[in-house]
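Structure record follows, encoded as structure tokens.
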Amino acid sequence: MKGLHLTADLYRCRCEPAWLTDAAKLGEWCLSAVHAAGLQPVDQLFHTFAGAGKGPGGVTATVLLAESHVCLHTWAEERAVTCDVYVCNFSGDHSARARGLMEALVDRFQPEWTEQRSLDRGEEN
Numbered sequence: 332m333k334g335l336h337l338t339a340d341l342y343r344c345r346c347e348p349a350w351l352t353d354a355a356k357l358g359e360w361c362l363s364a365v366h367a368a369g370l371q372p373v374d375q376l377f378h379t380f381a382g383a384g385k386g387p388g389g390v391t392a393t394v395l396l397a398e399s400h401v402c403l404h405t406w407a408e409e410r411a412v413t414c415d416v417y418v419c420n421f422s423g424d425h426s427a428r429a430r431g432l433m434e435a436l437v438d439r440f441q442p443e444w445t446e447q448r449s450l451d452r453g454e455e456n
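The sequence shown runs 332 to 456 under the working numbering.
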């Protein structure tokens, strides 16, 4: 079960507001980014949440990959996003593809700053 798990917390995103509130738009772009990274989507779910008293609702965008998953959660009222990219390296090393996808995700939202983490998962066989 060797794999790579990448996370990024994005703050004060300077992107167009629609990237934080429009599930269909964000989902379509996520699928394109997954393909561009050389990963294989197998299913997806994109959902826009109703706004609360603080502003418009955010989005959860999840793409299941043959290699594992990518998941985004936006907080439109805070202009913040969390990104999660996980690839298992069972059939080959997909680490570079995962890193490329994460870079594209961060670039899409144009955050003022990020907190990124990388975790190697599982054991070497």
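Cβ atoms here follow ideal geometry from the backbone N, Cα and C, with glycine treated the same way.
Quantities reported herein were computed from a predicted structural model and do not represent experimental measurements.
Look at the region 403-431 and you find no whole run of alpha helix (DSSP H) that is 4 residues long or longer. The alpha-carbon separation between C346 and W444 amounts to approximately 13 Å. For the pair R410 and H336, the CB atoms are not nearer than the 8 Å cut-off.
Contact between the region 417-430 and the region 347-364 is absent, with fewer than three C-beta pairs closer than 8 Å.
G389 sits close to F380, with the two beta carbons spaced by under 8 Å. One alpha carbon belongs to K333, the other to L432, and they sit about 19 Å apart. Boundaries of the alpha helix (DSSP H) harbouring L351: 349-352, taken from the DSSP string. For G453, there is no enclosing beta strand (DSSP E), as DSSP marks it with neither H nor E. DSSP links S399 through a beta bridge to V418. Under the DSSP definition of a beta bridge, E359 lacks any partner. The alpha-carbon separation between V373 and S399 amounts to approximately 9 Å.
V416 is a Cβ neighbour of V401, given a cutoff of 8 Å.
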